[in-house]
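Residue numbers (my numbering): 8 to 454.
For every residue, glycine included, the Cβ atom is placed at its ideal position computed from N, Cα and C.
Since the model is a prediction, treat every value here as computed from it, not as a measurement.
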Ligand code: 4AD
Ligand code: MG
């Protein structure tokens, strides 16, 4: 029996007979030749049957096999520059063919254009399409790179709870659920507060899991359920935080370039843009960024852009502001020192400027915008309590959190990286809904 191989290792089998186990993505038929594009979960390979070389009945089966039927293809690997596939450049000359299950009737996602809603309704099948497959392969590699870097750099994984007693990132995006006799519990918006406890036991930690935001807005950057990795470090200030973030992001991008070249190329991504993503990254203060935006706004002839860039000191940047800022740099850019009022309750004030926080967002280039948000955390328990009251958060639920400031508190910082926004940027795609296997949007919870 020839060996069962994965299409990604096909280059090692030129001249040999192999078996591919997979599904028929596409089929064409030209006189004495039948071409199948077969996918096996690792790539796509062209398989060719030549009438006269195989049993006539088998040829007819191959020439008429319905799209998405599951099959076992036996054949000899040939190098052929013209052959489509992923990786392209190889084809299999079919010597044997077995149908595992023949599709009956028409496969819903035929190989023509379909509308986004139709595809989203068929997400369980849409993920088989090369573009979606490539994006989700990149996602898996990004997650692997995230864990690899953190595990190799002294971080301990801490799994933080998903059912939580209170908000971390503002009360307007909370999902509540009845929790026995304890009142309402909320799906976690972030694991950060728990990680602030964890660093006093483990110094450097991270949590990595799904987080939930009842975002009322429908944008191309927001999901209701998304995955976030949150590193938190003891004895770390804002500068230390930015240094860690730039090393971390550089590692992720370079790892994807190493392991997912074919996937990125198949998505039409310009690799030279990603090759530049190497630390250090530029840094700009909120004040300077606001000045730049004011300049851009003054100089533009586009009345719509003028309107969209309208902003006062104190406002958080929205996506139009971030998009303009990222156009000024080839690499991700750190924007630090946001106004206190625009950010979460837990951020350490800037020394001598209490209206500014020691916060930093990292904006991905090419208009992608915020992929991480982080800060140094408040150390003073009295100030923390004051902020909790200002933000009208339930004091009782934060007793343990304030407690941390009494027992060996140290300067500490952390950030959260949104996996889906990172995938969208690295893959160069427009909408975040394609970056997660089953997206949850304000108007979609199926399939
Ligand atoms: O800026 P955010 O809200 O920060 C936090 O949650 C902090 N507690 C993190 C920390 O310091 N430990 O979220 C962090 C990142 C954003 O930069 C963005 O990439 C992503 O999470 N994010 C979302 N991604 C998709 N859909 C949403 N609704 C998102 N909200 C945030
Ligand atoms: Mg943020």
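Per DSSP, the continuous beta strand (DSSP E) segment holding residue 33 begins and ends at 24 to 37. In this structure, residue 340 sits away from residue 347, with a CB-CB distance that is not shorter than 9 Å. Secondary structure at residue 53: strand, using DSSP grouped into helix, strand and coil.
Under the 10 Å beta carbon count, residue 46 is surrounded by 16 or more other beta carbons and is classified as buried. Membership of residue 139 in the alpha helix (DSSP H) is indicated by the continuous run 137 to 159. Rounded to the nearest whole angstrom, the CA to CA distance from residue 120 to residue 330 is 30 Å.
Secondary structure remark: continuous alpha helix (DSSP H) runs of at least 4 residues inside the region 386 to 425, in chain order: 388 to 397, 406 to 410. DSSP lists 219 as the bridge partner or partners of residue 232.
In the structure shown, residue 17 falls within a helical segment according to DSSP collapsed to helix, strand and coil. The beta carbons of residue 449 and residue 222 sit about 7 Å from each other, so the pair counts as a contact at 8 Å. Residue 377 has its Cβ nearer than 8 Å to a heavy atom of the ligand MG. For residue 106, the uninterrupted beta strand (DSSP E) run begins and ends at 97 to 108, by DSSP. For residue 260, the closest of 155, 122, 446 by C-alpha to C-alpha distance is 155. Residue 327 carries a helical assignment under DSSP once its states are collapsed to helix, strand and coil. Contact check for residue 291 against residue 343 passes: the beta carbons are separated by less than 9 Å. For residue 130, the uninterrupted alpha helix (DSSP H) segment begins and ends at 130 to 133. Distances from the CB of residue 380 to the heavy atoms of the ligand MG include at least one below 8 Å. Residue 434 sits in a helix when the DSSP states are folded into three classes.
Annotation for residue 288 indicates a beta carbon at 8 Å or more from all heavy atoms of the ligand 4AD.
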